[in-house]
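Numbering (the working numbering), first residue to last: 2 to 235.
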Amino acid sequence: MGNLNLTLPIKYFIRFLFILNTENRVFVGPSVKNMSQPIAFSPNCNHNVGCILNLIGHALGISYTHSRPDRNNYIKIIYEDIGQMDRYIFQKMPNQNDLTCGISYDYGSLMHEKKMCRKHHNEKIFETKLSPYYIYMLGQRYALIFNDVKLLNCYYCSNICKNKKLKCYSNGYGSPNNCNEFRCPNSYSGRTCKEVPKISKNCGKIKSAVSRKSKTIKRKGKKTCTYHIGAKQK
Numbered sequence: 002m003g004n005l006n007l008t009l010p011i012k013y014f015i016r017f018l019f020i021l022n023t024e025n026r027v028f029v030g031p032s033v034k035n036m037s038q039p040i041a042f043s044p045n046c047n048h049n050v051g052c053i054l055n056l057i058g059h060a061l062g063i064s065y066t067h068s069r070p071d072r073n074n075y076i077k078i079i080y081e082d083i084g085q086m087d088r089y090i091f092q093k094m095p096n097q098n099d100l101t102c103g104i105s106y107d108y109g110s111l112m113h114e115k116k117m118c119r120k121h122h123n124e125k126i127f128e129t130k131l132s133p134y135y136i137y138m139l140g141q142r143y144a145l146i147f148n149d150v151k152l153l154n155c156y157y158c159s160n161i162c163k164n165k166k167l168k169c170y171s172n173g174y175g176s177p178n179n180c181n182e183f184r185c186p187n188s189y190s191g192r193t194c195k196e197v198p199k200i201s202k203n204c205g206k207i208k209s210a211v212s213r214k215s216k217t218i219k220r221k222g223k224k225t226c227t228y229h230i231g232a233k234q235k
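Right, dumping it as structure tokens:
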């Protein structure tokens, strides 16, 4: 049997054209039909994998997390510290569920803007409503988190397993590579995301209920532990 040379039309691919620039610039979603999507990045971004992933996420169609239609339930934007030329970044998206796919707001998203704005003398531009401590989660540029990847799966792969009726737990989602399996958040595993992932010995009690009294979890040594902390069962 001879070699098979298969050429697929460009419409089956998503291509990017990376351009070294003085600042980061990218359109949210495909901007040019049947052509490479331009992504301009600064020299500082060039040395940060998370920064490049953030720009690719935008090019694939993910808007800023702080622009979600439900953002006012989670953050307050301090417009006084934002220049007029930059306010377009903080425009709220239309109230359409297909933009968020029913995925909850996540302060740790790679697509969230940082709490401080360098362009405006490092002034704080956000306040987090659920807890002031969540402010420290904003603007991470390390990697796409679970909910970021889940959103991309909704945009591009949601039709693959839509006829499967196997129930998934713990906010997991169907694997586009195998509709009988699920992708689970870090703290869950198993076929339907109900199990706790394999942990090291001597992790102690891994499930506990919250109370009004503060508690401290201390473990010594090198180990991998997962703890589930939730409300008391009624």
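Glycine is no exception: its CB is placed at the ideal position from the N, C-alpha and C atoms.
C-alpha distance - residue i paired with residue j, whole-angstrom precision
i: residue 242; j: residue 133; result: Look at the range of the chain in this structure, 2 to 235, and you will see that residue 242 is not part of it.
i: residue 20; j: residue 52; result: 14 Å
i: residue 67; j: residue 183; result: 28 Å
i: residue 180; j: residue 125; result: 44 Å
i: residue 191; j: residue 147; result: 16 Å
i: residue 223; j: residue 56; result: 35 Å
i: residue 96; j: residue 70; result: 5 Å
i: residue 167; j: residue 173; result: 12 Å
i: residue 128; j: residue 86; result: 21 Å
i: residue 81; j: residue 48; result: 32 Å
i: residue 161; j: residue 155; result: 10 Å
Sub-8 Å separation of residue i and residue j beta-carbons
i: residue 198; j: residue 227; result: yes
i: residue 1; j: residue 58; result: The first residue shown for the chain is 2 and the last is 235, placing residue 1 beyond what the model contains.
i: residue 91; j: residue 83; result: yes
i: residue 106; j: residue 72; result: yes
Contacts around residue i, its chain only, beta-carbon distance under 8 Å, and the 5 residues preceding and following it disregarded
i: residue 229; result: 188, 197, 207, 208 and 209
i: residue 170; result: 189, 193, 194 and 195
i: residue 220; result: 203, 204, 205 and 226
For residue i, the three-state DSSP class (helix, strand or coil)
i: residue 199; result: coil
i: residue 150; result: helix
i: residue 175; result: strand
i: residue 81; result: helix
i: residue 184; result: strand
i: residue 14; result: coil
i: residue 2; result: Note that residue 2 has pLDDT 47, beneath the 50 cutoff, so the model's placement of it is unreliable and the number below is only indicative. Residue state, collapsed to three classes: coil.
i: residue 159; result: coil
Sequence-distant residues of its chain with Cβ nearer than 7 Å to residue i (five each side left out)
i: residue 294; result: Shown here, the chain extends from 2 to 235; a query on residue 294 therefore has no answer.
i: residue 165; result: 175 and 180
i: residue 93; result: 68, 70 and 72
i: residue 43; result: 22, 23, 24 and 25
Environment of residue i [buried if 16+ CB atoms lie within 10 Å]
i: residue 28; result: exposed
i: residue 151; result: buried
i: residue 14; result: exposed
6 Å Cβ shell around residue i - same chain, five flanking residues per side excluded
i: residue 77; result: 128
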